[in-house]
Amino acid sequence: MLRFRYLLFASGISLLLGATPATSVTERNFQKQFEQYGVEGSFLLYETGTGRFTAYNEKRCRQGFLPASTFKIPNTLIGLQTGALPDTATICKWDGVKRDFPQWNQDMSYARALRVSCVPCYQQLARQVGVGTYKQWLRKLRYPGILVTPATLDTFWLDGNSRISQFEQIDFLRRLQAETLPVEVRHQRAVKQLLLLQKTPGYALYGKTGWRFRSATNPDNGWFVGWVQRPDGRTALFVLNAEPAGGQAADTRFAAGRRALTEDILREIGWM
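Residues 14 to 285 in this note's numbering are what the sequence shown spells out, letter by letter.
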């Protein structure tokens, strides 16, 4: 009996260890690309076929940052799934307040609102969704580190204590790309279509930028997240997080640089 218990215990340990294999991460040096665009930060890539990660500044890839407008991806999914957003053709009415981004100062569909990162439209959606629904669906989506309160309902992804890491972004995007989130497949496909940025005979590029604007206590912080899919089905998910070098204020190069920098890296490692 004692021997049986020992074997059962040993078997259980083996199963446990086998269920949690070590993550394979290869470090690459992309400092040259970051310096070219006047930024510092980190980059993470995950290949779905092999399960391998490629990282520049892996330690930073595990740090949390405000999701900024990358949160429009789960936000749209939550809106569609709960009915707060009937469909992506639904019109968001301009509130008449003129903002620094002219493309925001008009009525627009939520499909366009996602593509131009219209913060006021998604603040309207947030007030429709509500605190309780967000908490419920963020748990279901396994989208961690997001703190929603009545006081921060329409700003929690832009300011405050919400944080998500690049590894956590990859985990969420991987499940969206595979359409395995606990959301109706038609909603996942609708959002994926909005994220399609470029399609060529050799690849399709999906992505979303994000920008946490500079404040008295925080630097500018930018994201570019998404994936590259080949015609044969091979897929690589990527997450860039970057800030202007030396704590400087962001300039026009920073706005366009997040995507351009990511594409330079993807070309170097053979995905574009």
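Think of the CB as a built atom: it goes at the ideal place given N, C-alpha and C, for glycine as much as any other residue.
What is the DSSP secondary structure of residue i, counted as helix, strand or coil?
| i | result |
| --- | --- |
| R266 | helix |
| L166 | coil |
| L110 | Looking at the sequence shown, residue 110 is not Leu but Val. Looking at V110 - three-state DSSP - the assignment turns out to be coil, as it is neither helix nor strand. |
| Q119 | coil |
| Q149 | helix |
| E40 | strand |
| I104 | strand |
| V198 | helix |
| T248 | strand |
To which residues does DSSP link residue i through a beta bridge?
| i | result |
| --- | --- |
| S55 | N254 |
| E276 | Bridge partners of E276: none, in fact. |
| N234 | R225 |
Compute the Euclidean distance between the alpha carbons of residue i and residue j, then round it to the nearest angstrom.
| i | j | result |
| --- | --- | --- |
| R128 | Y135 | 12 Å |
| P34 | Y59 | Any reading at P34 needs caution, since the residue's pLDDT is 42, under 50, leaving its predicted position unreliable; the model's value is listed next. Their backbone Cα atoms lie some 16 Å apart in a straight line. |
| F237 | A263 | 15 Å |
| Q149 | Q49 | 42 Å |
| R187 | P157 | 15 Å |
| A164 | K72 | 32 Å |
| R266 | G54 | 15 Å |
| G62 | W284 | 13 Å |
| L181 | M121 | Just to set this straight, residue 181 is Glu in the shown sequence, not Leu. Going by the C-alpha atoms only, they are around 31 Å apart. |
Does at least one heavy atom of the ligand FMN sit under 7 Å from the Cβ of residue i?
| i | result |
| --- | --- |
| Q261 | Because no ligand of any kind appears in the structure shown, any question about the ligand FMN cannot be addressed here. |
Could you tell me how far apart the beta carbons of residue i and residue j are, in whole angstroms, since I believe they sit closer than 8 Å?
| i | j | result |
| --- | --- | --- |
| A258 | G51 | 5 Å |
Original post:
Counting pairs of Cβ atoms below 8 Å between the stretch 78-86 and the stretch 167-177, do you hit three or more?
Top reply: yes
Original post:
Does the stretch 91-104 touch the stretch 229-242, meaning 3 or more C-beta pairs lie closer than 8 Å?
Top reply: no
**OP:** Count the C-beta pairs between the stretch 214-233 and the stretch 108-126 that are closer than 8 Å, then say yes if the count reaches three, no if not.
**Re:** no
Original post:
Is it a yes or a no for the stretch 246-263 touching the stretch 183-199, going by three-plus beta-carbon pairs under 8 Å?
Top reply: yes
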